[in-house]
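Participant: Below: one structure in structure tokens.
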Amino acid sequence: MIKGDFNMSRLRKKLSIMLSIILVILSSSGLNAYAGENEISVYGANGNATQIEKGTSMKMAVSGISQGKSVTWSVTDLDGSATSLATITQTGAQTAILTASSESYGTFKVVAEQNGASGKTGEQIIQITNENLITVDDNDALIKYESAGSGEDWETNNSSKYYQGTGMSVTPPEDNRYSSSEPAYAEFTFTGTGIQWIGESNYDCGIAEVYLDGIKVSTVDPFIAPCDVNQFINFSREGLPYGEHTIKVAAAGLKNPASTVYPGTRVLIDAFRYMPGSPTQEVNKAELRAKITEAQALSENAYTPESWAALQQVLITAVLVNEDPNASQEAVDAAASDLAAAILELVPFGPTVVLSGVDRVLPDETFSLGVSLYHVRQDVYAEFIDLKYDQNVFEYVNTEAENSDILIVDVESDDGYVSIIASTLKGVTSDRMPLLQTTFKVKSGVQNTSGKIEVMRAELGTKDGDTIAAGFTSKTISVGSSETVDKSLLSAAIDSAKALYEAAVVGDRPGQYPQAAKDALKAAIDAAELVLNDSFATQTAIDNAVNALNTAVSSFKDAVIKEEASADLNDDEKIDVVDLAIVAYYYGKTSDSPDWDRAKAADVNRDGKIDISDLAYVALRIVE
């Protein structure tokens with residue numbers, strides 16, 4: 001909190017800071033400087049690199065400068081102060097070599113300023129990392145080397161300046177002997193989302209053509225005189241769709257016009273580095289789409305308004321899940337299952353015999369199903385109903401009338417069938433009339449299965465001597481396990497978690513908890529209570545629920561704010577614009593982001609996301 005009274009000076013300062021927040025957010029979007037009227041674009045040449053390996057180098061270049069102008073290069077911390085994370089060496093009017101520290105990780109800015117009085121500048125934020133990068137050395141069998149059609153072959157170069165002491169090179173001749181149609185090339189196939197070709201940059205280097213998945217994507221000229229840079233990122237490409245890709249580096253047999261070396265056409269492979277990324281889970285929506293098609297083909301006029309309305313609600317959800325590109329397989333399967341159930345529960349319009357009752361029973365349990373008449377529009381005095389049941393799962397017990405106005409005339413049962421003749425002495429004209437209670441028992445020894453009970457035929461007799469063929473329904477009933485389960489540990493764990501939840505206070509002070517942490521604990525408690533109240537839960541499900549709840553409690557306890565959240569994110573014992581810039585750099589990241597381990601330091605309020613709340617928290621402490 002801001003201490004003391006607010007005055008106009010402090011208020012103006014606060015507003016200025018908040019404006020800076022907005023500017024930082026805008027400038028950090030995409031990690032690239034926006035090339036406006038007075039800005040130029042800065043980028044990693046021969047690729048779109050925003051990352052560099054610790055201790056390596058890559059070429060930087062610019063676009064958007066005035067014709068005939070050059071730039072001056074510099075590297076700084078995010079706040080513009082001097083940095084030890086990288087150095088940069090001018091190599092041309094618009095190019096430079098960037099070399100990352102071999103000692104440290106971190107994030108810095110590469111700045112290019114157009115010479116003269118134009119005021120044009122540009123910057124690129126670069127991150128030093130070796131995380132998520134896999135290095136494949138030049139002599140690895142995964143790299144395929146092909147000689148030129150004219151015979152030029154790849155050879156090994158031994159030097160401590162190369163990665164792991166070796167590099168493979170080919171030097172085409174500078175005459176017509178070299179086969180440009182069958183050039184010497186190196187090829188590497190990887191599975192991931194990005195690739196770097198690590199080579200060299202010096203006055204011996206020649207031109208290479210780079211192909212990705214068979215398509216030429218870059219012509220690379222790493223010639224620099226008089227510099228000599230090793231483990232140089234000759235080419236980098238990020239953001240590829242996850243999957244198998246192939247990079248091919250072909251020696252063009254050409255050199256930079258400024259080169260005086262003969263032959264100055266050498267192409268060297270020191271290593272390839274690739275970003276493995278993570279696969280996108282393939283979600284199978286075939287069953288869901290089939291159920292949607294089935295539901296959409298049904299006619300509203302054929303079913304009761306209540307059951308049709310229920311189907312439409314489930315159908316809307318199913319369509320939304322089907323159209324959601326980020327829907328999980330679990331969500332898709334649940335939507336398909338719910339829609340299938342809603343279709344089965346449709347009640348045909350017109351006289352219908354409906355079965356109702358339990359969906360799940362225990363082994364050896366005796367249970368009853370209600371038999372009712374729906375949507376009877378004429379006076380009905382007699383009913384002839386045939387039931388079929390799964391005799392491998394159930395046994396028929398008896399049938400009783402719902403009330404004294406209903407007379408059971410005859411019941412016959414045999415081999416999984418029950419035939420019932422009944423009479424409604426006062427007649428039936430009703431939308432819903434309970435008629436019978438038919439009782440079954442789970443057969444001895446049956447468990448962990450399901451069986452079906454269904455109406456096979458239903459005929460209704462009227463006082464005028466007419467026979468009405470009624471519609472009919474079915475009921476699938478699951479049989480649980482006879483296992484004896486112990487829920488005492490689960491009950492105790494729930495009681496303990498509830499006490500912890502109720503005592504926890506949300507806030508950002510020591511001893512308090514982030515709202516997200518408390519919400520997560522509540523969700524875990526609710527899930528555990530569902531298992532506790534489920535009479536069909538197995539011991540495995542109960543034990544899993546205990547473990548899941550204990551894990552959630554442990555995570556919740558870890559989330560307690562042990563001390564006031566620090567806004568000093570770079571540990572320099574002061575809170576300033578650098579700390580604000582760090583939050584802005586990671587703005588929008590969440591605990592689901594792949595780089596959350598690096599970003600989470602900017603989540604100052606510990607709610608699992610980096611947003612305006614974190615920016616405001618740091619900004620207010622700058623103002624204090």
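Here the sequence shown is numbered in this note's numbering, starting from 1 and rising by one per residue.
For every residue, glycine included, the Cβ atom is placed at its ideal position computed from N, Cα and C.
With DSSP collapsed to three states, give me the class of V618.
Facilitator: As a position in the sequence shown, residue 618 is number 618, starting the count at 1. Looking at V618 - three-state DSSP - the assignment turns out to be helix.
Participant: For the candidate residues D140, E103, F223, P172, whose alpha-carbon lies nearest to that of F190?
Facilitator: Counting from 1 along the sequence shown, the entry for residue 190 is found at position 190. For the residues D140, E103, F223, P172, the minimum Cα distance to F190 belongs to D140.
Participant: So for R598, helix, strand or coil by DSSP?
Facilitator: By 1-based counting over the sequence shown, the position of residue 598 is 598. R598 falls in the helix class under three-state DSSP.
Participant: In angstroms, rounded to a whole number, what distance separates the CA positions of L355 and T439?
Facilitator: If you number the sequence shown from 1, residue 355 lands on position 355. If you number the sequence shown from 1, residue 439 lands on position 439. When rounded, the distance between both Cα atoms is 12 Å.
Participant: Give a yes or no on whether the C-beta atoms belonging to V249 and I269 are separated by under 8 Å.
Facilitator: As a working mapping, residue 249 is identified with position 249 in the sequence shown. As a working mapping, residue 269 is identified with position 269 in the sequence shown. The answer is yes: Cβ separation under 8 Å.
Participant: As an exercise, report each continuous beta strand (DSSP E) stretch of at least 3 residues that is fully enclosed by the region 325–387, in chain order.
Facilitator: DSSP runs (the beta strand (DSSP E)) wholly in the region 325–387: 352–357, 366–374.
Participant: Could you tell me which residues DSSP pairs with R606 in its beta bridges?
Facilitator: Numbered from 1 along the sequence shown, position 606 holds the residue referred to as residue 606. BP columns for R606 are empty, so no partner.
Participant: Thinking P252 and A290 are a contact (beta carbons under 8 Å), I'd like their distance in whole angstroms, please.
Facilitator: The count along the sequence shown starts at 1 and reaches residue 252 at position 252. The count along the sequence shown starts at 1 and reaches residue 290 at position 290. Residue 252 is actually Ala in this sequence, not Pro. Wrong, their Cβ atoms sit about 54 Å apart, outside the cutoff.
Participant: Taking A469 and T352 to be in contact with their CB atoms under 8 Å, please state how far apart those CB atoms are, rounded to whole angstroms.
Facilitator: As a position in the sequence shown, residue 469 is number 469, starting the count at 1. As a position in the sequence shown, residue 352 is number 352, starting the count at 1. About 11 Å; that fails the 8 Å criterion.
Participant: For D77, which residues in the same chain have their Cβ closer than 8 Å to its Cβ, ignoring the five residues on either side in sequence?
Facilitator: Your numbering for residue 77 matches position 77 in the sequence shown. Excluding residues within five positions, the ones whose Cβ falls inside 8 Å are T83, L85, F108, K109, V578.
Participant: List the whole-angstrom C-beta distance separating S474 from P434, where the pair is believed to meet the contact cut-off of C-beta under 8 Å.
Facilitator: Residue 474 sits at position 474 when you count from the first residue of the sequence shown. Residue 434 sits at position 434 when you count from the first residue of the sequence shown. At roughly 18 Å, the Cβ-Cβ gap does not stay under 8 Å, so S474 and P434 are not in contact.
Participant: Hey, would you say V314 sits closer than 8 Å to V321, going by beta carbons?
Facilitator: Walking along the sequence shown from the start, residue 314 turns up at place 314. Walking along the sequence shown from the start, residue 321 turns up at place 321. Cβ distance not < 8 Å, so V314 and V321 don't count as in contact.
Participant: With a CB to CB cut of under 8 Å and the five nearest residues on each side skipped, what residues in its chain are close to T462?
Facilitator: By one-based count along the sequence shown, residue 462 stands at place 462. Contacts found: Q378, D379, V380, Y381, I468.
Participant: Looking at C-beta atoms only, is the number of pairs between the region 452–466 and the region 398–414 that lie closer than 8 Å three or more?
Facilitator: Taking 8 Å as the limit for Cβ pairs, the verdict is that the region 398–414 does not touch the region 452–466.
Participant: I need the DSSP call for S74, collapsed to helix, strand or coil.
Facilitator: Against the sequence shown, residue 74 aligns to sequence position 74. Reduced to three states, the DSSP call for S74 is strand.
Participant: Assign V358 to buried or exposed, taking buried as 16 or more other Cβ atoms, counted over all protein chains shown, within 10 Å of its Cβ.
Facilitator: For the purposes of this step, residue 358 is taken as the residue at position 358 of the sequence shown. Its Cβ having fewer than 16 others within 10 Å, V358 is exposed.
Participant: With a CB to CB cut of under 6 Å and the five nearest residues on each side skipped, what residues in its chain are close to I195?
Facilitator: For the purposes of this step, residue 195 is taken as residue 195 along the sequence shown, with counting starting at 1. So the list reads R237, I247, Y274, once near-sequence residues are dropped.
Participant: Please confirm whether I40 and K144 have their CB atoms less than 8 Å apart.
Facilitator: Looking up residue 40 in the sequence shown gives position 40. Looking up residue 144 in the sequence shown gives position 144. It is not a contact, given that the beta carbons lie outside the stated cut-off.
Participant: Beta-carbon within less than 6 Å of V261's beta-carbon, same chain only, minus the 5 sequence neighbours each way: which residues are those?
Facilitator: If you number the sequence shown from 1, residue 261 lands on position 261. Y203, D204, listed in sequence order.
Participant: Could you tell me which of Q391, G370, S159 sits nearest to N403, measuring between CA atoms?
Facilitator: The sequence position of residue 403 within the sequence shown is 403, counting from 1. Residue G370 is the option with its Cα nearest to N403.
Participant: Run through the region 159–243 for me and flag every whole beta strand (DSSP E) of 3 or more residues, listed as ranges in chain order.
Facilitator: Qualifying beta strand (DSSP E) stretches, in chain order: 166–170, 185–192, 194–201, 208–212, 215–220, 229–237.
Participant: Based on the DSSP secondary-structure assignment, which residues constitute the bridge partners of L268?
Facilitator: By one-based count along the sequence shown, residue 268 stands at place 268. L268 pairs with S169.
Participant: Tell me which residue opens and which closes the alpha helix (DSSP H) that V578 is part of.
Facilitator: Residue mapping note: residue 578 aligns to position 578 of the sequence shown, counting from 1. Start and end: 577–585.
Participant: On the DSSP letters alone, give me the boundaries of the beta strand (DSSP E) that R289 sits inside.
Facilitator: The residue you call residue 289 lines up with position 289 of the sequence shown. Taken as a continuous stretch (DSSP letters only), R289 belongs to no beta strand (DSSP E), being part of the alpha helix (DSSP H) at 286–296.
Participant: Looking at the structure shown, is E402 part of a helix, part of a strand, or coil, going by DSSP?
Facilitator: Residue mapping note: residue 402 aligns to position 402 of the sequence shown, counting from 1. If DSSP states are grouped into helix, strand and coil, E402 belongs with coil.
Participant: My understanding is that F272 touches V170, with C-beta atoms under 8 Å, so please give their C-beta distance in whole angstroms.
Facilitator: Working through the sequence shown from its first residue, we reach residue 272 at position 272. Working through the sequence shown from its first residue, we reach residue 170 at position 170. Not really, about 16 Å apart at Cβ, beyond 8 Å.
Participant: For V110, name the three-state secondary structure that DSSP assigns.
Facilitator: What you label residue 110 is simply residue 110 of the sequence shown in a count that begins at 1. In the structure shown, V110 sits in a strand (DSSP, three-state: E or B).
Participant: Helix, strand or coil: how does DSSP classify K557 here?
Facilitator: Counting from 1 along the sequence shown, the entry for residue 557 is found at position 557. Reduced to three states, the DSSP call for K557 is helix.
Participant: What is the residue span of the alpha helix (DSSP H) that Y501 lies within?
Facilitator: Within the sequence shown, residue 501 is the residue found at index 501, counting from 1. Start and end: 488–503.
Participant: Secondary structure at I408, three-state DSSP: helix, strand or coil?
Facilitator: As a first step, residue 408 must be located in the sequence shown, where it is residue number 408. Correct three-state label for I408: strand.
Participant: N230 to S201, Cα distance in whole Å?
Facilitator: In the sequence shown, counting from the first residue as 1, residue 230 sits at position 230. In the sequence shown, counting from the first residue as 1, residue 201 sits at position 201. Computed Cα separation, rounded: 7 Å.
Participant: Mark K216 as exposed unless 16 or more other C-beta atoms lie within 10 angstroms of its C-beta, in which case mark it buried.
Facilitator: Counting from 1 along the sequence shown, the entry for residue 216 is found at position 216. Its Cβ having fewer than 16 others within 10 Å, K216 is exposed.
Participant: Measuring only the C-alpha atoms, how far is L339 from A528?
Facilitator: As a working note, residue 339 is residue 339 in the sequence shown. As a working note, residue 528 is residue 528 in the sequence shown. Cα-Cα distance, rounded: 26 Å.
Participant: Using 10 angstroms around the beta-carbon of M456, count the other beta-carbons present and answer buried if the total reaches 16, otherwise exposed.
Facilitator: Here residue 456 refers to the residue found at position 456 when the sequence shown is read from its first residue. So M456 counts as exposed.
Participant: I think G106 touches V42, with their Cβ atoms under 8 Å apart; what is that distance to the nearest whole Å?
Facilitator: Along the sequence shown, one-based indexing puts residue 106 at 106. Along the sequence shown, one-based indexing puts residue 42 at 42. That pair is no contact at about 18 Å.
Participant: Tell me whether T551 sits in a helix, a strand or coil according to DSSP, three-state version.
Facilitator: Counting from one through the sequence shown, the residue named residue 551 turns up at place 551. Helix, per DSSP.
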